[in-house]
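Single-structure report; data block below.
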Amino acid sequence: CSSDLELKTKVDAMPDNATVTGETFNLTTSVDALVGSDKGDLFKGIVDTTNSTLTALDSIDGKEGKDTLNILNAKAAALKLPAGLVVKNVEIVNVKSAADVGVTGAGNSFDVSGFTGLTDLNITQAKDVFLTAAATTDVNVSGATGAVAVDGGKDVTVTDATANTNITIGATTVNAGKITVTDTNQG
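Under the numbering used here, the first residue of the sequence shown is numbered 2, with each subsequent residue one higher.
Here it is as structure tokens:
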């Protein structure tokens, strides 16, 4: 007999449920408590110096469906998750950053290991990337122009096109699945 989580994962992966569009939720500059629908919802959050919408104490619950959270960092400083942020039942997180994602050093990484139900973390633009993910989350990093350090995660894929870039996977916490690194500009 499958567990509820295994059953939910199988239902979400079915073609009819993976592509069913739900609602779009734009986070605000106030504290948000957003609850999605039973379809594939999209949540959008921006981090900048004056009007961030992904803020401390925000709560995002995707409920059912295959949900996505898009995070855009428009500020020149490293992207950090706000204190007290709660994300659950959101299966995909996509991140684009004008600066670093996370900061090097213990306790300073972009840590999504507490996001309940997260299956895919995609970093598609950044300078340096320092992140931590749960053993149930596939991590995909591409578009980074600096160092990449990934702790944890399930299957970790890093695509690099910048010469002389340090790529470190599992320095503190080893990933639970396979590792794929493609470096098209070794230096």
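Note that CB positions come from ideal geometry on N, CA and C, so glycine has one too.
With at least 16 other beta carbons inside 10 angstroms of its own, residue 138 counts as buried.
Taken through DSSP and simplified to helix, strand or coil, residue 92 comes out as coil.
Per DSSP, reduced to three states, the secondary structure at residue 10 is helical. With a contact defined as Cβ atoms closer than 8 Å, residue 66 and residue 40 qualify at about 4 Å. Counting only residues of its own chain and dropping the five nearest sequence neighbours on each side, residue 149 has a CB closer than 6 Å to the CB of 130, 142, 159 and 168.
Each of 182, 120, 177 and 126 was checked against the Cα of residue 9, and the nearest Cα belongs to 120. Within a 10 Å sphere around the beta-carbon of residue 136 sit fewer than 16 other beta-carbons, which makes this residue exposed. Residue 50 and residue 4 have their C-alpha atoms roughly 43 Å apart. In this structure, the straight-line span from the alpha carbon of residue 116 to that of residue 161 is close to 26 Å. When rounded, the separation of the alpha-carbon atoms in residue 127 and residue 145 is 5 Å.
Residue 29 has its alpha-carbon roughly 35 Å from the corresponding atom of residue 163.
When only Cα atoms are considered, residue 62 and residue 97 end up about 21 Å apart.
For the pair residue 36 and residue 64, the CB atoms are nearer than the 8 Å cut-off. Residue state for residue 62 is assigned as strand, using DSSP reduced to three classes. For residue 123, the enclosing beta strand (DSSP E) begins and ends at 121-126. Each residue's CA atom was taken as its position, placing residue 87 and residue 24 some 19 Å apart. Here residue 80 really is in contact with residue 48; their C-beta atoms are around 6 Å apart, less than 8 Å. A distance below 8 Å between beta-carbons, with the five flanking residues on each side excluded, links residue 52 to the following residues of its chain, in chain order: 30. In the three-state reduction of the DSSP assignment, residue 5 falls in the helix class, which pools H, G and I.
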